[in-house]
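Q: The structure that follows is given in the form of structure tokens.
There are 6 protein chains.
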Amino acid sequence: MLNKLLITGADGKLGSVCRSRLHGLATTIRLGAREDVGPAGANEEIMYCDLGDKDAVEAMVEGCDGIVHMGGQSIEAPWETIKQSNIDGVFNLYEAARKSSVTPRIFFASSNHAIGFHEQTTRLDANAQVRPDGLYGVSKVFGEALARLYFEKFGIETALVRIGSSFPEPKNHRMLATWLSYDDLISLIESVFTIPRLGCPIVYGASNNDASWWDNRETSFLGWKPKDNSETFRARIDAECTPPAKDEVSAVYQGGEFCGQGILEE
Amino acid sequence: MLNKLLITGADGKLGSVCRSRLHGLATTIRLGAREDVGPAGANEEIMYCDLGDKDAVEAMVEGCDGIVHMGGQSIEAPWETIKQSNIDGVFNLYEAARKSSVTPRIFFASSNHAIGFHEQTTRLDANAQVRPDGLYGVSKVFGEALARLYFEKFGIETALVRIGSSFPEPKNHRMLATWLSYDDLISLIESVFTIPRLGCPIVYGASNNDASWWDNRETSFLGWKPKDNSETFRARIDAECTPPAKDEVSAVYQGGEFCGQGILEE
Amino acid sequence: MLNKLLITGADGKLGSVCRSRLHGLATTIRLGAREDVGPAGANEEIMYCDLGDKDAVEAMVEGCDGIVHMGGQSIEAPWETIKQSNIDGVFNLYEAARKSSVTPRIFFASSNHAIGFHEQTTRLDANAQVRPDGLYGVSKVFGEALARLYFEKFGIETALVRIGSSFPEPKNHRMLATWLSYDDLISLIESVFTIPRLGCPIVYGASNNDASWWDNRETSFLGWKPKDNSETFRARIDAECTPPAKDEVSAVYQGGEFCGQGILEE
Amino acid sequence: MLNKLLITGADGKLGSVCRSRLHGLATTIRLGAREDVGPAGANEEIMYCDLGDKDAVEAMVEGCDGIVHMGGQSIEAPWETIKQSNIDGVFNLYEAARKSSVTPRIFFASSNHAIGFHEQTTRLDANAQVRPDGLYGVSKVFGEALARLYFEKFGIETALVRIGSSFPEPKNHRMLATWLSYDDLISLIESVFTIPRLGCPIVYGASNNDASWWDNRETSFLGWKPKDNSETFRARIDAECTPPAKDEVSAVYQGGEFCGQGILEE
Amino acid sequence: MLNKLLITGADGKLGSVCRSRLHGLATTIRLGAREDVGPAGANEEIMYCDLGDKDAVEAMVEGCDGIVHMGGQSIEAPWETIKQSNIDGVFNLYEAARKSSVTPRIFFASSNHAIGFHEQTTRLDANAQVRPDGLYGVSKVFGEALARLYFEKFGIETALVRIGSSFPEPKNHRMLATWLSYDDLISLIESVFTIPRLGCPIVYGASNNDASWWDNRETSFLGWKPKDNSETFRARIDAECTPPAKDEVSAVYQGGEFCGQGILEE
Amino acid sequence: MLNKLLITGADGKLGSVCRSRLHGLATTIRLGAREDVGPAGANEEIMYCDLGDKDAVEAMVEGCDGIVHMGGQSIEAPWETIKQSNIDGVFNLYEAARKSSVTPRIFFASSNHAIGFHEQTTRLDANAQVRPDGLYGVSKVFGEALARLYFEKFGIETALVRIGSSFPEPKNHRMLATWLSYDDLISLIESVFTIPRLGCPIVYGASNNDASWWDNRETSFLGWKPKDNSETFRARIDAECTPPAKDEVSAVYQGGEFCGQGILEE
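Protein chains in written order, with my numbering: chain A, 19 to 284; chain B, 19 to 284; chain C, 19 to 284; chain D, 19 to 284; chain E, 19 to 284; chain F, 19 to 284.
And the structure:
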């Protein structure tokens, strides 16, 4: 059991899921957030922090032996936004981890958008080449590389989790392959923090969906077996959504609509 | 949902299974057959056609947006028979598809006999080298290659399904590995026609049997999860069939008895 | 069904499990042992034999059409001990098999310690390089190589089963990945002796554990599907055992504590 | 040294190169041709034969212990032409080989057009999936599959040589990668007929060009080392040919212009 | 032949080598530099520019159909330095390329330090996982990912060249494997700009050294054959340099001394 | 440069080649031999020793920082002979190395007979499965595994060199693929002892022959480039030797005649 687990982005969607579900993992949960997260609950402490602020990040990280990094920008945005949160912010996080009095283990929320330009008819494993589908995806490649550096050089272990689409339910046909249920997200985080030795593996964050593009065979040592299956929702999705035509970007590429976007300008 | 689904070989074993089970896939089912298939049912239309007759094939294919190609010769035969049905016939089918006013998606009933000379102790995936075990198997390699050409050049999508042994129940020890239940065949056809983008994948058509030689990992994007398991029938097979000795052709090669046949002459 | 199945090491832990569970496989069970195994039961015959005694081994093997080789040294020991049981003993066994009036099929209890110096974060399949973690592991590499020779040269089929940790229950965190339940061990032996053609495959002997380092994909032709899952015991293990730190040998290497031992001297 | 070597297509370009260069391989050279090949030279015999004529092919093949099969259609053509020469013709050839009093070894002139729809930026080896770029390419896939069948079933060895562009000199930018000099073609044929055991390998027929898409690593056992290099001709080609734009079919696909052709009709 | 080739970092070591050797590739050479590069020669134009200055970069890139990007930080440095040159600077470069009236092809000087934490006893090809050995290496991973994005989304072709050690002569034992002679660097650049279709390949920039860690097999389509061999210099290096002990960082990792550095602070 | 290099088997064929060619590698050459090796030359010392004599082996190994292990049995022999030299003898050697006051680096003369049952039409690299072709081959697999253990556990580096056929000239058709010239053997030994970090790689010991079954790509870090080519001798071999028929053991398997031998009895 961890002593102090930091959840960054605690004011975001997945951050709040983690807040409500991970109390069993640590004596204290520290919530890192930019926006208001309400009052601290039992065994919670709150630290407001901008990831671009190096000193604040160091203070937030100090003393934590686990970090679930959900913070930062989680969709495509203009370069300055991406850079501040996901380039500088991640650098600040790893520097803080290196300087902390306790070496933390880290769950890094990477994204399928790091490999979004692979076609949906292709199966990927941890050895797949990166093919980011936007500046957001490029920033995740950066974060994965930085984490790998800090693992090799300083022994900081990170799970590089390329999250698919983590929502209460899949919302469209593409998500039949990419959906990650909250239960499966939580069980993955638990695996990451309870296995004796983690290393720095790339893991694809998707539930046990019938339709699948990603192969976690290389990380079976984690013992993570997702239980949910998007197939449960297929009838509803068929009823509510028009499936894309075969040449639409959301049917061709794993990254879906992201692959069709241009570079966003301020 | 398809507008008009053509089932070729509707007078054959698998063709009639399809006829009775695929009505949910299309507004109209067109039945292509050489022999009598009885009266047309609701939403059915019947077209008698020899696959070697180019004009008849064009008429049969015209207007269909889906084709389940079960027609042609399905076991070893003399060259002229194979050639007419499975060489000329398949060429006629793809030419008709190319010329049709509607570009159809095709389920092509290929066969494990395209790879039948691999040993049973070897696991194959979609990248395995072909090793046909007879003229029939060679004709299936031809069909797969032709389908690939029409995909690359004209965008006609085909699922190249190397069907194992599709029967109500497995009949002998070899079929413990090769059996494809009718339910699983039908669910595979449904996956092929409902996925937004198919491409031109090679799929092995076998149920979820404990004993397995084939790996569909590369086509998990289809979301097809066969549910039946030949293991259910093992006790009965053990009771009814003498297992082959270790050096008999039906124990050595994936294609079984086909590998022991000579070239059939007229 | 076999005529006569020899179980070597019948006085050992796994040997006695086999004795009590394999009567359905053969008309007669012959028990090979060094220590007392009590009185012969129905359809049992007992032959006391030291594996280092060539003539005794020939007598023990003669007439058997199946051998489950559980005999020999099963943990690290000084060289002379290892050599007598697992080098000379295995040579004697295969020579006896070659000379026997009946060519037996063999289940060879190899060990995960043949590949014990691979890291736990690495997934292995049958093509993995050997990395023995002690003299015991080296002797298992020797046995696998000898079995392969006798397969290629004399057609003697052997299943080279790299057994993980076969106990009634997993005993520590490492065994969450390596545990092989007795039920799954027995069902594997049954598969080995009932499949028409075995060849000389490498199989990893582990149950269907959530945490897994080993991939039996290449031997799916066996039809062996382990049913038990160490996960059932995780809570108890968490309660009873302190998990190793990330840099302890039992967290780093697949062979666990064996990797930390020196060469034992007499 | 062979007793009697048949060169089919002796009236064609590569056939006549073979005629003039292979006399050292066999006591007698038999020339198979449709068109006039002039008078027979020393140790030559001539047999006029249409590959679609089964009896004529049997007569032509009878008694030969080596066959260089250069005959048949060598560029894209309407289906009936392709079928007669490269489908029926190849079937007739292998049937004749099977029935011959002498089992011949065969050099089968397959073509890069069997894999022409792979991109030029991809490196292929003998395990590459076929991607034919026309009916001609499909017929070569057929021929390779048929040869494989006759190897597995009847022990007839064939070298499946996917010839690139065999001309005195490369003619355009694409041929910098695909060029096979006549010297290298001849030395390949010599290797095929002098190695004690050939099997049925796929070989890419290209010279030792700096620019290369094909990897013959898997067939290094042949000992064939092409000596010529298209680079010698680069300056001339740069001077004489406009290089294609990056999105022209001759710059995108290995099959070059073939990939841009439609289906030819009679 | 290019119309206008931009060489960034023209004031640096490799930039000046390019300046003096690439005049044959383009009608005009535009030199991008921060420091003084002397007077413009024939067919040269000079643009002083800081890569962190977006508008200046756009002006520098405008109108160029080729870019050799040697600019930016080329060794480890504090984060702010790396970020300005190699993160922001590269983003500015690709944005400028996207906005330019002419779509340029780009030679991107990536680095072996993107994969520096692989061991020297491991052979890498284009599919190797990144393992950067410092912030510099991480920035090169970023640049490669960004280039890939602009290729997939906007069709901008880039050669991602992981340069080893480009000096007039190798300087120490590690460089026997990593050395890239100036001649071979120049011939690689020429290949990149003359091949009709480039795509976005990863290429290892090392000469034809006997000792080699890197495999360019996947990019043989480029037709680049380095001619120089570090072996020529082995005697001198043996005389002048003490080889590292087997456990020194410069003998263990491909990145050499970089792997032993800490994070540099301002 | 080494201080003291031990050459075992100095009374054997390859041992004496080493004796006469390796003086440049070490200040002192220690010759280990069973039979008379004549008087010690300059900088030579001689130690007569039976590899089965543990104490003698310890004395022989003590103080050496390099070992070329050419000693032991080098062709098929009865089990007791193999066991004494190549099982016990190799164990004694590695134990001596472990106990020595100086940790030596070792060149272990393994053999192609460790993989002799692979077919000649198959290309092997360092990851190939072992397929020994006799007790001799099995003993080499044992030696490789033991060396790997002592590398992982005690840091003793060994080059596992699967020597093909090392003679002044190739003697038959098989040796066109397996020949290792003395010059190339010596240059390989030099590479092994001069590279700063060796690890424990598997290397195939064959010259730069046109015909090749083995791929040393994985060990290109050694910088070993064999220079000789058996092709030089092809004409002579063709003149002097009848090539084997395609189904003779010397044409089928890499191990050649060894594959056809039985188990030798005393």
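We put the beta carbon where it would ideally sit given N, CA and C, even for glycine.
Looking only at its own chain, which residues have a Cβ that is under 7 Å from the Cβ of K117/B, when we skip the five neighbours before and after it?
A: E76
Q: Please classify M193/B: is it buried, with 16 or more other beta-carbons within 10 angstroms of its beta-carbon, or exposed?
A: buried
Q: For K22/A, which residues does DSSP report across the bridge?
A: T46/A
Q: Relative to chain D, which residues along the stretch 249-264 of chain F have a C-beta separation below 9 Å, given in chain order?
A: E249, R252, D256, P261, P262, A263 and K264
Q: Which partner residues does E175/D have in the DSSP bridge list?
A: Partner(s): none; E175/D has no beta bridge.
Q: Let's test the definition: count the other Cβ atoms within 10 Å of the Cβ of V210/D and tell me whether it reaches 16, buried, or not, exposed.
A: buried
Q: At a CB-CB cut-off below 9 Å, which residues of chain A make contact with P150/E?
A: A163, L164, R166, L167 and E170
Q: Does the count of Cβ pairs from the stretch 196-215 of chain D and the stretch 241-256 of chain D closer than 8 Å reach three?
A: Yes, since at least three Cβ pairs between the stretch 196-215 of chain D and the stretch 241-256 of chain D fall closer than 8 Å, the two stretches touch.
Q: Name the chain D residues that come within less than 7 Å of R180/F, Cβ to Cβ?
A: Per Cβ cutoff of 7 Å: no residues; R180/F is ~16 Å from chain D at best.
Q: At a Cβ cut of 8 Å, what residues of the stretch 98-113 of chain C count as close to chain F, listed as they run along the chain?
A: Flagged, chain order: K101, I105, D106, F109 and E113.
Q: With distance defined between alpha-carbon atoms, name the residue in H41/B, P214/B and K31/B nearest to C259/A.
A: Of all alpha-carbon atoms in H41/B, P214/B and K31/B, the one lying nearest the alpha-carbon of C259/A is that of P214/B.
Q: Are the CB atoms of N104/A and S157/A within a distance shorter than 8 Å?
A: yes
Q: Quick one, which of I255/C, I181/C and Y168/C has its alpha-carbon nearest V221/C's?
A: I181/C
Q: Just the chain F side, please: which residues come within less than 9 Å of L194/E by C-beta, in chain order?
A: G241
Q: Over what stretch of residues does the alpha helix (DSSP H) that includes E76/E continue unbroken?
A: Taken as a continuous stretch (DSSP letters only), the alpha helix (DSSP H) holding E76/E covers K72 to V79.
Q: Who are the Cβ neighbours of Y168/E in its own chain at under 6 Å, not counting the five residues just before and after it?
A: Y112 and I174
Q: For the stretch 132-144 of chain A, which residues have a beta carbon sitting closer than 7 Å to at least one beta carbon of chain B?
A: Listed by position along the chain: Q138, T139 and R141.
Q: Is the number of C-beta pairs between the stretch 182-202 of chain C and the stretch 249-257 of chain C that are closer than 8 Å three or more?
A: yes
Q: For R48/D, which option in K22/D, S248/D and A114/D has the closest C-alpha, if you only look at C-alpha atoms?
A: K22/D
Q: At which residues does the beta strand (DSSP E) containing Y200/F begin and terminate?
A: Not the beta strand (DSSP E): Y200/F falls in the alpha helix (DSSP H), residues Y200 to T212.
Q: DSSP beta-bridge partners for L142/B?
A: W232/B
Q: Under 8 Å Cβ-Cβ, which residues of chain C neighbour E208/A?
A: Result: empty, since nearest Cβ-Cβ is about 11 Å, beyond 8 Å.
Q: Taking the C-alpha atoms as reference points, what is the distance between D228/C and D246/D?
A: 56 Å
Q: Pairing CB atoms from the stretch 95-102 of chain F with CB atoms from the stretch 115-135 of chain F, are three or more of them under 8 Å?
A: no
Q: For F126/F, does the count of other Cβ atoms within 10 angstroms reach 16, so buried, or fall short, so exposed?
A: buried
Q: Interface residues of chain E around P122/F at Cβ under 7 Å?
A: Result: empty, since nearest Cβ-Cβ is about 12 Å, beyond 7 Å.
Q: Taking the alpha-carbon positions, what's the G155/C to R123/A distance?
A: Rounded to the nearest angstrom, the two C-alpha atoms are 33 Å apart.
Q: How many angstroms separate the CA atom of T176/C from the CA atom of A163/C?
A: Each residue's Cα considered, the two are about 11 Å apart.
Q: What does V156/A reach in chain E if we use C-beta pairs closer than 8 Å?
A: F160, A163, L164 and L167
Q: For the alpha helix (DSSP H) containing A257/B, list its first residue and its last residue.
A: A257/B -> alpha helix (DSSP H) spans R252 to E258.
Q: If distances are taken between C-alpha atoms only, which option among E62/D, G152/D, I64/D and R166/D comes closest to S129/D?
A: G152/D
Q: Is the shortest distance between the beta-carbon of Q147/C and the beta-carbons of chain F less than 8 Å?
A: yes
Q: Determine which residues share a DSSP beta bridge with F126/E and list them.
A: H87/E and L178/E
Q: Could you name the residues of chain C that G217/A contacts, counting a contact when the two beta carbons are closer than 7 Å?
A: T139
Q: Do M78/B and M88/B count as a contact pair if the criterion is CB distance below 8 Å?
A: At least 8 Å separates the beta-carbon of M88/B from that of M78/B.
Q: Keeping to the same chain, check which residues put their C-beta closer than 8 Å to that of S34/D; ignore five residues upstream and five downstream.
A: A28 and V55
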